[in-house]
Structures are given as structure tokens and as C-alpha cells.
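Student:
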Amino acid sequence: MGALVSPLTRILGVVFVLIGVLGFFMSSPLLGIFEVDTIHNVIHLASGVVALVVGGNHAMARLYLIIFGLVYAAVALIGYMQGTTVLGIFPVNDADNILHAVIGAACLVVGFGSKS
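Each number in this note's numbering comes from the position in the sequence shown (counting from 1) with 268 added on.
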């Protein structure tokens with residue numbers, strides 16, 4: 269799993285930045301699937317920028333995957349429980365919740381599956 273830490277972090281960084289930027293120029297649902305708003309876009313941009321900054325350092329990338337894995341898993345769980353928003357902060361739908369759960373799980377598996 270260790271060999272996946274930096275590449276996964278960098279890939280997430282690029283994808284989060286792209287999704288964050290697209291969200292400002294496309295209406296919700298983004299790509300006809302995902303609920304977005306300004307706060308959701310800013311969160312994706314911030315997640316992506318942090319991933320790109322730490323992606324070259326194995327230890328920092330691993331920590332990113334663990335922290336963001338926990339955060340995205342929690343966001344998925346809260347989204348499932350609340351239905352249409354996460355703590356009333358940003359909108360979500362089933363597609364968002366599934367994606368957040370998959371991202372969270374992948375980050376946690378790779379992050380915890382890698383040695384420090």
C-alpha cells in the first residue's frame with residue numbers, strides 16, 4: 269500500500285481542484301449528478317490544494333489520507349443520516365454520499381495500510 273500513498277494523494281488533489289473549479293462554472297447538480305454550492309466548491313478546492321502540497325512527502329501524504337479519509341467518511345455518514353445537507357452547511361444527495369464514502373474508505377485503506 270505504501271507505493272499508493274503519494275500517487276493517490278496527488279490524484280485526489282487534481283480531481284478535487286478540478287471539481288471545485290467546475291462547481292463555480294456549472295450549475296448544480298454538477299455533471300448532472302452531484303449537489304454543489306459555493307461552500308462545497310471551496311471545500312473541494314481546499315482539499316485539493318492541501319493534497320497537492322503534501323503529495324510529494326510520503327509521511328504527510330499518509331497523514332492527509334488518514335485525516336481526510338476520516339472526514340470524508342464522517343461527511344458520508346452525516347449526509348446519509350440528514351438526507352439533503354451535511355450539518356446544514358452544504359447540500360448532498362445519494363450520489364454525493366456514495367462518492368464521499370468511497371473516497372473516505374479508499375483514503376483510510378491506503379493511509380492505514382501504509383507503513384509510516
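C-beta: ideal position from N, C-alpha, C; glycine also. Just so we're clear, the structure is a prediction, and the values are computed from it rather than from any experiment.
Rounded to a whole number of angstroms, what is the C-alpha to C-alpha distance between Ile346 and Ala327?
Tutor: Within the sequence shown, the letter at position 78 stands for residue 346. Within the sequence shown, the letter at position 59 stands for residue 327. Their Cα atoms are separated by approximately 29 Å.
Student: Contact defined as beta carbons within less than 8 Å: I believe Gly323 pairs with Gly281. What is the distance between those atoms, to the nearest angstrom?
Tutor: Position 55 of the sequence shown holds residue 323. Position 13 of the sequence shown holds residue 281. Right, their Cβ atoms sit about 6 Å apart.
Student: Is the stretch 335–346 touching the stretch 293–304 in the sense that three or more CB pairs, one from each, lie closer than 8 Å?
Tutor: As far as the Cβ criterion goes, the stretch 293–304 does not touch the stretch 335–346, which means the pair count is below three.
Student: Mind checking which residues open and close the alpha helix (DSSP H) that includes Thr215?
Tutor: Given a span of 269 to 384 for the chain in the structure shown, any question on residue 215 remains unanswerable.
Student: Can you give the Cα-Cα distance for His312 and Leu286, rounded to whole angstroms?
Tutor: For the purposes of this step, residue 312 is taken as the residue at position 44 of the sequence shown. For the purposes of this step, residue 286 is taken as the residue at position 18 of the sequence shown. If you take the alpha carbons of His312 and Leu286, they lie about 9 Å apart.
Student: By a C-beta neighbour count over all protein chains shown, 10 Å radius and 16 as the cutoff for buried, is Phe293 buried or exposed?
Tutor: The residue given as residue 293 occupies position 25 in the sequence shown. Result: exposed.
Student: Over what stretch of residues does the alpha helix (DSSP H) that includes Met269 continue unbroken?
Tutor: For this step, residue 269 is matched to residue 1 along the sequence shown. Here Met269 belongs to no alpha helix (DSSP H), and DSSP marks it neither H nor E.
Student: Are the beta-carbon atoms belonging to Leu272 and Val360 less than 8 Å from one another?
Tutor: On the sequence shown, residue 272 is found 4 positions in, with the first residue counted as 1. On the sequence shown, residue 360 is found 92 positions in, with the first residue counted as 1. No.
Student: Please work out which residues of its chain come closer than 8 Å, Cβ to Cβ, to Val354, disregarding the five sequence neighbours upstream and downstream, and give them in chain order.
Tutor: By 1-based counting over the sequence shown, the position of residue 354 is 86. The answer, listed in chain order, is Val343, Ile346, Gly347 and Val360.
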